[in-house]
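Student:
Numbering (full-length UniProt numbering), first residue to last: 1 to 551.
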């Protein structure tokens, strides 16, 4: 077996054993039946082609070079991997061949339809010599080339139908690399019709479907989810329709009882055609026996009380058909009057001291509720509710605290401003002011005041009578003592009454009859201290009294 063709024949026989098909089929027939979507089968196909070339004496290369050529050339056909369309739309399937150096010669392009790996169909062929061709297929008459060109063999399908979904292969016939292809997956979407409803059930001990959500005729199938505070079981079923759409039915199950009647559960439908999930709020419908309660008893039924009553309340589905009042001792007291679901007591007496029973009936069953009445000899003493009084006292105390705090704060700020006023007087040198004198030409006997704020000699008084005023330390920049504080309060009082003092001082003004010149002479009343606050600094540096003085 040194002959090259014998070796090739043996290799071909070994290869064909791995290729699916009947044993009586020829190599060429088996080659035609290969599935192009299988990588292994593509390699087998390439191996067979290479072997046939060897057998025919036309081999000019080796298998490794052949595989390399197939891998590189498969990337040159450019298509869009996935395209989405709706029934009735126009859709374009694009295809192009990338050959920047112009080394490949293209002779023909063919579009092939592969419906989920079933038998393939040629749907459109373009050959520069023979033009366009559209073989018989399920989309003939709805498919066409956008342009008659090997550079842009894009096809257009109009209108799109649901059954057009599948894989579309754009295949170039080239030289010397052979056929090269690209695959586009076409998805045809169908917007489903969605709805949800309740399933009427009767209360019982077993779990049953109580709500249903349906997404009808959708493509691809929809996804349904449930939202509920009660735990339940979800069951989903898909039904494929003749046109390829899918109907999804989802049910929500739980143990039905009167507690969940009118309760709301929510189903959500998710689908590619929906921007946001579609929601349906479903109110459960459970037939159950009546749920009974009695109201109106306040535990204050005493002998002689009038107008007491009991009301029988029920919740039932379907609604209650009858309401019956009974007494535990078998007889309704004579002082009691029954009016439907209301038991009216005209006047409470010892016979009312019993147990009353309310019985409610509907089509599902009968339910009842009991209430025992305790009759008192006299009404219980009512305790005064002191909550309001306590609350008022607390609020009043808080308000009083706030008011007192505000007053204290205002007094503190006022005192602080007065202190700052005294501390902020002008810092001038010692000033001497002479107020009036006898008409002696020398000023003898005149009363003079020496005013100095910045020295310890401030607030001193010189006089021919040696009148002396004790120094005042308050407001000279030192820490105030208890005496200063008390004196400051006295100064405040003096300031408030200064206008009264001025009026009082005017009583001492008179004319000196012994003087030739008739003019007013100032008579000054002696004070216990010098009124420092009466002086006022001027812009020119002088200090004058705020009190009007005649000289």
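No residue lacks a Cβ here, since even glycine has one placed at the ideal position from N, Cα and C.
1. Please say whether residue 377 and residue 357 have beta carbons closer to each other than 8 Å?
2. Decide if residue 312 is buried, meaning its Cβ has at least 16 other Cβ atoms within 10 Å, or exposed.
3. Quick one, which of 133, 295, 216, 142 has its alpha-carbon nearest residue 194's?
4. Rounded to a whole number of angstroms, what is the C-alpha to C-alpha distance between residue 248 and residue 175?
5. Let's see if you can read the secondary structure: which residues bound the beta strand (DSSP E) around residue 211?
6. Tell me, please, which residues DSSP counts as bridged to residue 343.
7. Applying the criterion that 16 or more other CB atoms from any shown protein chain within 10 Å of the CB defines a buried residue, is residue 354 buried or exposed?
8. In whole angstroms, what is the alpha-carbon distance linking residue 334 and residue 293?
9. In the DSSP assignment, find the unbroken beta strand (DSSP E) run with residue 356 in it and report its ends.
10. Which residue marks the beginning of the beta strand (DSSP E) containing residue 368, and which one marks its end?
11. Are the beta-carbon atoms of residue 348 and residue 315 separated by less than 8 Å?
12. In the stretch 110–181, which residue ranges form an unbroken beta strand (DSSP E) of at least 3 residues, counting only runs that do not cross its ends?
13. Please return the same chain residues whose Cβ sits closer than 8 Å to the Cβ of residue 180, not counting the five positions on each side in sequence.
14. Have a look at 224, 124, 262 and flag the residue whose alpha-carbon is nearest the alpha-carbon of residue 252.
15. Give every residue of the same chain whose Cβ lies closer than 7 Å to the Cβ of residue 367, excluding the five residues on either side of it in the sequence, and list them in chain order.
16. For residue 293, report the span of its beta strand (DSSP E) as first-last.
17. Tell me which residues share the same chain as residue 309 and place their Cβ nearer than 8 Å to its Cβ, disregarding the 5 neighbours each side in the sequence.
18. Nearest to residue 161 by alpha carbon, out of 274, 190, 407?
19. What does residue 92 pair with, by DSSP beta-bridge criteria?
20. How is residue 254 classed by DSSP in three states: helix, strand or coil?
21. Quick one: give me the first and last residue of the beta strand (DSSP E) that residue 196 is part of.
22. My parser needs the alpha helix (DSSP H) runs of 4 or more residues fully inside the stretch 228–254; what are they?
23. Can you tell which of 219, 254, 244 has its C-alpha closest to the C-alpha of residue 234?
24. Would you kindly report the start and end of the unbroken beta strand (DSSP E) that includes residue 327?
25. Should the stretch 277–288 be called in touch with the stretch 201–221, which here means at least 3 C-beta pairs below 8 Å?
26. Just the Cα atoms here: how many angstroms apart are residue 406 and residue 540?
27. Can you give me the C-alpha to C-alpha distance between residue 394 and residue 402, rounded to a whole angstrom?
28. With C-beta atoms as the reference, is residue 184 less than 8 Å away from residue 80?
29. When the Cα atoms are used, what is the spatial distance from residue 42 to residue 278?
30. Which of the three DSSP states is assigned to residue 275 in this structure?
31. Would you kindly work out how many angstroms separate the C-alpha atoms of residue 140 and residue 132, rounded to a whole number?
32. Please classify residue 426 as buried or exposed, where buried requires at least 16 neighbouring CB atoms within 10 angstroms.
33. From residue 363 to residue 301, what does the alpha carbon distance come to, in whole angstroms?
34. To the nearest angstrom, how far is it from the Cα of residue 350 to the Cα of residue 391?
35. Report back the beta-carbon spacing between residue 231 and residue 272 to the nearest angstrom; my notes put them in contact at under 8 Å.
36. Just checking my contact of residue 144 with residue 123 at CB under 8 Å: how many whole Å lie between their CB atoms?
Tutor: Reading it off the structure:
1. Their beta carbons are not under 8 Å apart, which means residue 357 does not touch residue 377 by this criterion.
2. Buried.
3. Of the listed residues, the one whose Cα sits closest to residue 194 is 216.
4. The alpha-carbon atoms of residue 248 and residue 175 are separated by roughly 50 Å.
5. It spans 208–218 - the beta strand (DSSP E) in which residue 211 sits, taken as one unbroken run.
6. 310, 338.
7. With 16 or more other Cβ atoms within 10 Å, it is buried.
8. Taking the CA atoms as reference points, residue 334 sits about 24 Å from residue 293.
9. Run containing residue 356: 355–361, per the beta strand (DSSP E) assignment.
10. Unbroken beta strand (DSSP E) run through residue 368: 366–372.
11. No, they are not a contact pair.
12. Correct list: 121–127, 131–133, 143–145, 155–157, 166–175.
13. Short of 8 Å from the beta carbon of residue 180, and not among the five residues preceding or following it, lie these beta carbons of its own chain, in chain order: 73, 74, 76, 77, 97, 171, 172, 174.
14. Looking only at 224, 124, 262, the smallest Cα-Cα distance to residue 252 is reached by 224.
15. Around residue 367: 289, 290, 291, 292, 360.
16. That run of the beta strand (DSSP E) goes 286–295.
17. Cβ neighbours of residue 309 beyond the five flanking positions: 296, 342, 343, 344, 345.
18. That would be 190, whose Cα lies nearest to the Cα of residue 161.
19. 156, per the DSSP bridge assignment.
20. Of the three classes helix, strand and coil, the one that applies to residue 254 here is strand, per DSSP.
21. Here the beta strand (DSSP E) through residue 196 covers 193–198.
22. Here no run is fully enclosed.
23. The shortest Cα separation from residue 234 among 219, 254, 244 belongs to 254.
24. 322–327 is the span of the beta strand (DSSP E), which, as asked, contains residue 327.
25. Contact between the stretch 277–288 and the stretch 201–221 is present: three or more C-beta pairs spanning the two stretches fall below 8 Å.
26. Spanning the two alpha carbons is a distance of roughly 41 Å.
27. For residue 394 and residue 402, the distance between alpha carbons rounds to 12 Å.
28. Yes, the Cβ-Cβ distance between residue 184 and residue 80 is below 8 Å.
29. Confidence is the limiting factor: at residue 42 the pLDDT is only 46, short of 50, which leaves the residue's position unreliable, though a coordinate-based value still follows. Each residue's alpha carbon lies about 45 Å from the other.
30. In this structure, residue 275 counts as coil in the three-state DSSP scheme.
31. Using only the alpha carbons, I get a separation of about 13 Å.
32. Bear in mind that the predicted position of residue 426 carries a pLDDT of just 48, short of 50, making it too unreliable to give a figure here.
33. Annotation: residue 363 to residue 301 spans about 36 Å, alpha carbon to alpha carbon.
34. Using only the alpha carbons, I get a separation of about 42 Å.
35. About 30 Å; that fails the 8 Å criterion.
36. Actually they are not in contact, since the Cβ atoms of residue 144 and residue 123 sit about 10 Å apart, beyond 8 Å.
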